[in-house]
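A short write-up of the structure that comes next.
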Amino acid sequence: MADKISNHGLSPFAAEAYDAGRLPDFDREFIDEADLEEFARALNAPENIADEGSSSGSRFITALNDWSPVHQRVKGRRRAGIRRRRRGKDETREGFVHTLLKWPLLVVVFGWIIILGLLYLLTRLYIYLYEHFVAWRGRREQLRRNLHRTTGYKDWVKAAQDLDAFLGNESWKQTDEYAYYDYTTLRHVGEDLRSWRLEAEKEENDRVNSIRGIRPIDALRSLVEACVKSNFVGIENPRLYSETYYGTKRLVQDFVGEVESSLSLLVRTRQLTQDDKRLLFKHLHRNFGRTALCLSGGASFAYYHFGVCKALLDADLLPDVISGTSGGALVAALVATRTDDELKDLLVPALAGRLTACHDDFFTWFRRWCRTGARFDALDWARRCSWITRGSTTFREAYERTGRILNVTCVPSDPHSPTILANYLISPDCVIWSAVLASAAVPGILNPVVLMTKNRDGTLSPYSFGHKWKDGSLRTDIPLKALNLHFNVNFSIVSQVNPHINLFFFSSRGAVGRPVTHRRGRGWRGGFLGSAVEQYLKLDLNKWLKVLRHLELLPRPLGQDWSEIWLQKFSGTITIWPKSTISDFYYILSDPTPFRLARMLHAGQQSTFPKLQFITNRMVCERLIERGRRSTRPQAPNGVESVLSEDDLQDFLQQHSDRGNYATDTYDTYPPPKSGGTVAMADQEVPSPPTLRERLRMWRQNLSGSSRPPRRRGSGASNIIQELGRQSRVFVVDDTEGETGQSEDDVGPVGSGSAIEGG
1 MADKISNHGL SPFAAEAYDA GRLPDFDREF IDEADLEEFA RALNAPENIA DEGSSSGSRF
61 ITALNDWSPV HQRVKGRRRA GIRRRRRGKD ETREGFVHTL LKWPLLVVVF GWIIILGLLY
121 LLTRLYIYLY EHFVAWRGRR EQLRRNLHRT TGYKDWVKAA QDLDAFLGNE SWKQTDEYAY
181 YDYTTLRHVG EDLRSWRLEA EKEENDRVNS IRGIRPIDAL RSLVEACVKS NFVGIENPRL
241 YSETYYGTKR LVQDFVGEVE SSLSLLVRTR QLTQDDKRLL FKHLHRNFGR TALCLSGGAS
301 FAYYHFGVCK ALLDADLLPD VISGTSGGAL VAALVATRTD DELKDLLVPA LAGRLTACHD
361 DFFTWFRRWC RTGARFDALD WARRCSWITR GSTTFREAYE RTGRILNVTC VPSDPHSPTI
421 LANYLISPDC VIWSAVLASA AVPGILNPVV LMTKNRDGTL SPYSFGHKWK DGSLRTDIPL
481 KALNLHFNVN FSIVSQVNPH INLFFFSSRG AVGRPVTHRR GRGWRGGFLG SAVEQYLKLD
541 LNKWLKVLRH LELLPRPLGQ DWSEIWLQKF SGTITIWPKS TISDFYYILS DPTPFRLARM
601 LHAGQQSTFP KLQFITNRMV CERLIERGRR STRPQAPNGV ESVLSEDDLQ DFLQQHSDRG
661 NYATDTYDTY PPPKSGGTVA MADQEVPSPP TLRERLRMWR QNLSGSSRPP RRRGSGASNI
721 IQELGRQSRV FVVDDTEGET GQSEDDVGPV GSGSAIEGG
């Protein structure tokens, strides 16, 4: 019998997990050779760049590779119209003082940064030795070892509870008082929710009249609207989950359970009309927001993401919105193109047989690097990546197949153009494997590639005029702002494995599921002095890196601004950083073996287990809200009404009215249809409102019958309805309000800079 973890997921160390024959479609090749040929033509096609000196008005100029740019010096003489690309005075404001001080200042600042870095390493070494030899001793160390030896979530929970009991954390859970949330308001609201819910359930079952003069279901609905929102009174503050290894305050847990019961009642109740429910859950969706899983870059370190995804999948907590960058884009593509059942069979060590992008020997890739400036070949990567993405699957096709929203960050070769967050809204017909390659195109590792789009006949062609794209980690590793804009994401789960910033993820007051060891979790890591020195050095490093960026003192190798690989946001509401080993740096550009992938799967799971309770409390409410939204949407087949709500339709028509295209009235001015039925409400019979289909028909009749100036052929209400239908096939998510999620504390100098995020 194979070893199992919670929800029937296969353990990474089970014998069956190494059998490649159990993997779905393991021997199947999804790619079409014609697609690869089209990709090769797009890579070799020169870009059309206007040149004033050309008689034809345009010339085709292209770079050989990242190391051989377009504007380079030509030995002996300069070619006409080709000059070396330099940053001009309009960029650097160069003058006498700038020329005189630029390089001395750069050397001094770099020297000070190196000194600060060495001091930071010594500080972290002191904190490690302090925790290892002072904090972790005796019974505490034995319980900690038991926690790390577990392979399943149930065993991990038991070991974590034993450790909490020894440290006295159980008594902390039972007390309501805590400085990081409003426990008084939470207690009162929880009691009111329970009272109104019990009365509403009694009325639902017995059909009795309320003695308070107000229906309990209406009071419950109003109360739920007021309290179900992102981080209500601070209950989503990570500090509430950073004092124990498992769980949080009993008051918080009871409140989440009461909200779950109340939402379940509001979904199934017959006391509210469909319109009331629809408006309620739409409002809740706007206030509560959505959760996204963001997978960072990090070359072969990205394989730790498989363990994180496996832990979330086994616990049935995998979010619908998934973002990936560079190596994380490969993992996100696999997750977003497979169903849950397929993923449970795929996220095993045998998957290493399909992760073979680095198969070339040393002499092969060295000759390629000397010839092209890149270690890997884009065509070879496209062929191997196509199995991960199920061939030339587009973002829209992946969404239709699995219901998951895949997002991939790509950076244009032009250093001044904005990044793009490819998804089924921004680029629905973009081929996923081309976006994954573009997001992994680190200069010197893989040359910039062309994004490909799928045409109506199934053939491929270049996307965005054939422009080249690079690694998304260069600017936007975690695109929180763009995710919030497009999908109302305000709660983020970030799996962070970038090796160059992983060292700076240090939570001086503990992280979710990882309390401080000093003073039974109530102190500072390494003592107050150790944490204070660590924080000061980290902030000072961040300051000097910003000085170099804002004074534009940094050189730009390969025409790329490299400052953003440090000065962007790398964390989220919950940040997971799997524990890596020294050997991972040696294998950073190598394919994993099944045994190494098993270790990485285990490490990713172990780093995710402490976060699952926090994620569970969030996802249970989010999924009930989504269930309420889906159950209240009209079920008209192949129509606009099945996707857009009444408010969306009204807003859309009003926007066109404001532009002068046509006039429209609100649907409230229309009388109820003759064929409409009645709805029992508050002991009286009132006519039911017209359906969406009937309102659309009345809108069209009103538009066709009203007097207005003649319009051009092809305009009119019918085209508006067609436009609504076209947009409804793509723009399903209509909520873009909300703020980005709250980040965990102390995430390093890279976590405190402002990110330039595209979308």
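Residue numbers (UniProt numbering): 1 to 759. Backbone N, C-alpha and C fix where the C-beta goes; we use that ideal spot for every residue, glycine too.
Comparing C-alpha positions only, which one of Asp477, Val408 and Ser464 sits nearest to Phe395? Val408
Here's the rule I'm using: 16 or more other beta-carbon atoms within 10 Å means buried, otherwise exposed. How should His132 be labelled? exposed
Near Phe614, which residues of its chain fall below 7 Å by C-beta distance, leaving aside the five closest residues on each side in sequence? Tyr241, Val512 and Ile574
Compare the Cα-Cα distances from Val494 to each of Tyr303, Asp584, Tyr586 and Gly324 and report the closest residue. Gly324
May I ask you to report which of helix, strand or coil DSSP gives Ala422? strand
Taking the C-alpha atoms as reference points, what is the distance between Arg59 and Ala332? Residue confidence for Arg59 is low, a pLDDT of 42 falling below 50, so the modelled location carries little weight and cannot support an answer.
Is Phe506 closer than 8 Å to Trp577 when the C-beta atoms are compared? no
Buried versus exposed, by CB contacts within 10 Å (16 or more), Pro637: Reliability of the predicted coordinates at Pro637 is poor, the pLDDT of 48 falling under 50, and the value obtained from them is presented with this limitation in mind. With fewer than 16 other Cβ atoms within 10 Å, it is exposed.
Quick check: Thr269 and Ile235, are their CB atoms within less than 8 Å of each other? no
Let's see if you can read the secondary structure: which residues bound the alpha helix (DSSP H) around Pro104? Phe96 to Tyr130
Pop quiz: Asp377 and Arg368 are said to be a contact at Cβ under 8 Å. What is the actual Cβ separation, rounded to whole angstroms? 6 Å
Report the rounded CA-to-CA distance for Gly526 versus Asp540, giving the unit in angstroms. 20 Å
Can you pull the DSSP bridge partners for Thr394? Val431
Range of the contiguous beta strand (DSSP E) that encloses Thr409: Ile405 to Pro412
Classify Ile310 as buried or exposed, calling it buried when 16 or more other Cβ atoms lie within 10 Å of its own Cβ. The sequence shown places Lys at residue 310, rather than the Ile named in the question. So Lys310 ends up on the buried side.
Going by C-alpha distance, which of Ile127, Leu624, Val256 and Asp477 is nearest Trp524? Ile127
For Gly604 versus Val321, is the C-beta distance shorter than 8 Å? no
Which residue spans inside the segment 263–329 form an unbroken alpha helix (DSSP H) run of at least 4? 274–288 and 304–314
Uninterrupted beta strand (DSSP E) stretches inside the segment 203–265 (no shorter than 3 residues): none
Simplified DSSP state of Asn490, which is helix, strand or coil: strand
For Asp19, count the other beta carbons within 10 Å of its own beta carbon; 16 or more makes it buried, fewer makes it exposed. Which is it? exposed
Since Val267 and Arg623 are thought to touch, with beta carbons under 8 Å apart, how far apart are those beta carbons, to the nearest angstrom? Contact doesn't hold; Cβ gap of about 11 Å is too wide.
So, with DSSP's three-state summary, where would you put Val348? coil
Reduced DSSP secondary structure (H/G/I, E/B, other) of Phe363: helix
Would Ile478 and Lys569 qualify as a contact pair, given that the criterion is a beta-carbon distance under 8 Å? yes
Let me know the beta strand (DSSP E) ranges lying completely inside the segment 5–32, each 3 residues or longer, listed in chain order. none
Which of helix, strand or coil DSSP assigns to Leu503: coil
Less than 8 Å between the C-beta atoms of Leu551 and Ser563, yes or no? no
Continuous alpha helix (DSSP H) stretch holding Leu529: start and end: Gly527 to His550
Excluding the five sequence neighbours on either side, which residues of its own chain have a C-beta within less than 7 Å of the C-beta of Leu597, listed in chain order? Tyr303, Pro349, Leu351 and Ala352
By a C-beta neighbour count over all protein chains shown, 10 Å radius and 16 as the cutoff for buried, is Ser434 buried or exposed? buried
Option in Pro499, Glu16, Leu379 and Leu313 with minimal Cα separation from Ala34: Leu379
Buried or exposed: Glu737, going by 16 or more other Cβ atoms within 10 Å of its Cβ? In this prediction, Glu737 has a pLDDT of 37, which is less than 50 and means its spatial position is unreliable; nothing more can be read from the coordinates.
Distance check for Ser607 and Arg556, CA to CA, integer angstroms please. 36 Å
8 Å contact criterion, which Pro462 and Val450 should meet: CB distance rounded: 5 Å
Start and end of the alpha helix (DSSP H) containing Lys158? Tyr153 to Leu167
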